[in-house]
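14 is the number of the first residue of the sequence shown in the working numbering; add one for each residue after it. C-beta: ideal position from N, C-alpha, C; glycine also.
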Amino acid sequence: MDPFEMYITQADLLPPIPIPRRKKRLKQLQLELELELERDGVSVSETERSLVDQEWFHGVLPREEVVRLLRADGDYLVRETTRNHARQLVLSVCWGQHKHFIVQTTPEGHYRFEGAAFPSVAELIAWQRASGVPVTARSGALLRRAVPRETWELNNDHVQLLDKIGRGNFGDVYKARLKTTGQEVAVKTCRVALPEEQKRTFLQEGRILKQYQHPNIVRLIGIAVQKQPIMIVMELVSGGSLLTFLRTRASNLSSRSLLAMCRDAAGGMRYLESKNCIHRDLAARNCLVGDDNIVKISDFGMSREEEEYIVSGGMKQIPIKWTAPEALNFGKYTSLCDVWSYGVLMWEIFSKGDTPYAGMSNSRAREKIDNGFRMPAPEGCSEDVYALMLRCWEYEPDKRPHFHQIYTIIDTIYNR
Ligand code: ADP
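Following this line, the structure appears as structure tokens:
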């Protein structure tokens, strides 16, 4: 069992109190709570609001995030999790370490930990805080500061889905409107039926994107995890997928415009490289095109924030034709692997959306590359641009240019 997850077992509960005494004690505690709340100027009816309205309710926020939010002893929040298909509410508290307590339900449908039971979770938490009683005697954990949702934790009810605009790995992608600001956004949804583990992976993209702010990286607006389906809310990039754009709308784009697109992508990748982020799935299908044909790097589902990332185990979902030999052969990923993929992306841009190594199977392409084969220059691609592609496809990663160099080279060619 994960050392962070602490469940209340029967042994954790207080020794059973005979029912009549327990009822009396309960009444007494509820009375005490009402008095306490009145003293604090809070009317009891306020605690009746639904859970979703509570600022300390974080929905299905993954545990990694929760742990990051709880910093000082007594910091707490409530979240939701699913175990054996059953929805459970969990009170997470920082008390020496991070402790997670499952909210217990009584046969009458009331909520409790070890102490008093209440008709709503909001009342239970209010009492737990006001009474100064530890959540469990064994943990000694006290509630001192409710940790509110952060601005990027959006309320699902504030996201109005409009049209379906794409299909992602985890679920459909929609154009949507944020009711709070009227802003049009793109929303990635995660299929409700997917296992918890996959939902966590889905949210990983939001977690990575949250830290980045760059014109050539798709911007995260927030995640909505209060209810199913969980969503990642991003800026809406008007032209959609770069690959589709290249195939359908790029026929009369000049080489200079195509080069500008390569420069945009290099700008985004230079930024990621500086943040030690390895994308691992750079390809035209994972870039978006916005107004004035600006290219934005998207789809961070496979990305990692590490200087070097070693994959162990199966490599089932690897985009072979975009992946550097050292990643395919040894599972070793660095930004220089992204540089290899970037060379393929440049090739896709200049060939206006052709499939790389056309007519070759993945294994054939891989074999040919190991034997020194490289794709020829796409039609209309200048020599200096092709020379850069070839440098990105150097077999030895150390011989490839870094993204800051690539950006400078392209910028120089562009301004000539
Ligand atoms: P997944 O990462 O699950 O594979 P993608 O990121 O590839 O999902 O998104 C699927 C499709 O949805 C894209 O090809 C694109 O057409 C559309 N899309 C995704 N994000 C946006 C966005 N921010 N703006 C506009 N369209 C988007």
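Burial state of residue i, where buried means 16 or more other Cβ atoms lie within 10 Å
{"i": "residue 376", "result": "exposed"}
{"i": "residue 299", "result": "buried"}
{"i": "residue 89", "result": "buried"}
{"i": "residue 75", "result": "buried"}
{"i": "residue 383", "result": "exposed"}
{"i": "residue 229", "result": "buried"}
{"i": "residue 395", "result": "exposed"}
{"i": "residue 462", "result": "Nothing about residue 462 can be read from this structure; the chain reaches only from 14 to 429."}
{"i": "residue 351", "result": "buried"}
{"i": "residue 354", "result": "buried"}
{"i": "residue 414", "result": "buried"}
{"i": "residue 110", "result": "exposed"}
{"i": "residue 62", "result": "Note that residue 62 scores a pLDDT of 49, beneath 50, so its modelled location is shaky and nothing firm can be said."}
{"i": "residue 36", "result": "Caution is warranted here: a pLDDT of 49 is assigned to residue 36, below 50, making its placement in the model unreliable, and no coordinate value can be reported."}
{"i": "residue 222", "result": "buried"}
{"i": "residue 177", "result": "exposed"}
{"i": "residue 57", "result": "Unreliable placement is indicated for residue 57, whose pLDDT of 35 sits below 50; the coordinate value is still reported in the next sentence. Answer is exposed; the Cβ neighbour count stays below 16."}
{"i": "residue 400", "result": "exposed"}
{"i": "residue 194", "result": "exposed"}
{"i": "residue 205", "result": "exposed"}
Secondary structure of residue i, DSSP reduced to three states
{"i": "residue 417", "result": "helix"}
{"i": "residue 301", "result": "strand"}
{"i": "residue 347", "result": "coil"}
{"i": "residue 70", "result": "strand"}
{"i": "residue 110", "result": "strand"}
{"i": "residue 179", "result": "strand"}
{"i": "residue 409", "result": "coil"}
{"i": "residue 236", "result": "strand"}
{"i": "residue 323", "result": "strand"}
{"i": "residue 310", "result": "strand"}
{"i": "residue 339", "result": "helix"}
{"i": "residue 244", "result": "strand"}
{"i": "residue 357", "result": "helix"}
{"i": "residue 392", "result": "coil"}
{"i": "residue 172", "result": "strand"}
{"i": "residue 429", "result": "coil"}
{"i": "residue 442", "result": "With the chain represented from 14 up to 429, any question about residue 442 goes unanswered, as that position is not in the structure."}
{"i": "residue 397", "result": "helix"}
{"i": "residue 376", "result": "helix"}
{"i": "residue 404", "result": "helix"}
{"i": "residue 367", "result": "coil"}
{"i": "residue 423", "result": "helix"}
{"i": "residue 382", "result": "helix"}
{"i": "residue 82", "result": "helix"}
{"i": "residue 331", "result": "coil"}
Neighbourhood of residue i by C-beta, 8 Å cutoff - its chain only, sequence neighbours within 5 removed
{"i": "residue 179", "result": "185, 186, 253, 254"}
{"i": "residue 412", "result": "404"}
{"i": "residue 276", "result": "420, 423, 424, 427"}
{"i": "residue 209", "result": "94, 95"}
{"i": "residue 39", "result": "A caution first: residue 39 carries a pLDDT of 46, below 50, which makes its placement in the model too unreliable to give a value."}
{"i": "residue 5", "result": "This structure leaves residue 5 out entirely; the chain is present only between 14 and 429."}
{"i": "residue 341", "result": "328, 331, 333, 379"}
{"i": "residue 272", "result": "398, 423, 426, 427"}
Contacting residues, own chain, Cβ-Cβ under 7 Å from residue i (five flanking each side not counted)
{"i": "residue 360", "result": "369, 388, 391, 402"}
{"i": "residue 84", "result": "107"}
{"i": "residue 172", "result": "189, 191, 200, 237, 244, 246"}
{"i": "residue 147", "result": "153, 154, 155"}
{"i": "residue 134", "result": "64, 91, 102, 116, 124"}
{"i": "residue 429", "result": "none"}
{"i": "residue 118", "result": "124"}
{"i": "residue 142", "result": "156"}
{"i": "residue 281", "result": "227, 229, 230, 309, 310"}
{"i": "residue 161", "result": "68, 69"}
{"i": "residue 175", "result": "187, 188, 189, 190"}
{"i": "residue 181", "result": "201"}
Beta-carbon proximity list for residue i, same chain, < 6 Å, skipping 5 on both sides
{"i": "residue 317", "result": "291"}
{"i": "residue 365", "result": "259, 263"}
{"i": "residue 232", "result": "248"}
{"i": "residue 202", "result": "184, 185, 242, 244"}
{"i": "residue 256", "result": "297, 298, 366"}
{"i": "residue 321", "result": "347"}
{"i": "residue 169", "result": "237, 239, 240"}
The stretch 259-276 contacting the stretch 205-221, beta-carbon criterion three pairs below 8 Å: They do not touch, by the three-pair rule.
Would you list, in sequence order, the uninterrupted beta strand (DSSP E) runs of no fewer than 3 residues that lie entirely inside the stretch 184-230? Complete beta strand (DSSP E) runs here, min 3: 185-191, 197-202.
Any chance the stretch 342-350 sits against the stretch 386-400, with 3 or more Cβ pairs inside 8 Å? No: the two stretches stay apart, fewer than three of their Cβ pairs being nearer than 8 Å.
Going residue by residue through the stretch 255-302, where are the continuous alpha helix (DSSP H) segments of at least 4 residues, counting only ones entirely within it? Fully enclosed alpha helix (DSSP H) runs of 4 or longer: 255-262, 268-287.
Sufficient close CB pairs (3 or more, under 8 Å) joining the stretch 418-428 to the stretch 366-375: Not touching, per the Cβ criterion.
Count Cβ pairs between the stretch 331-342 and the stretch 300-310 that sit closer than 8 Å; are there 3 or more? In short, these stretches do not touch, since the Cβ pair count stays below three.
With three or more beta-carbon pairs closer than 8 Å as the criterion, would you say the stretch 236-247 touches the stretch 287-298? Three or more beta-carbon pairs separated by less than 8 Å are not found between the stretch 236-247 and the stretch 287-298, which leaves the two stretches without contact.
Complete runs of the alpha helix (DSSP H) confined to the stretch 84-170 [at least 4 residues]: Runs found: 134-144.
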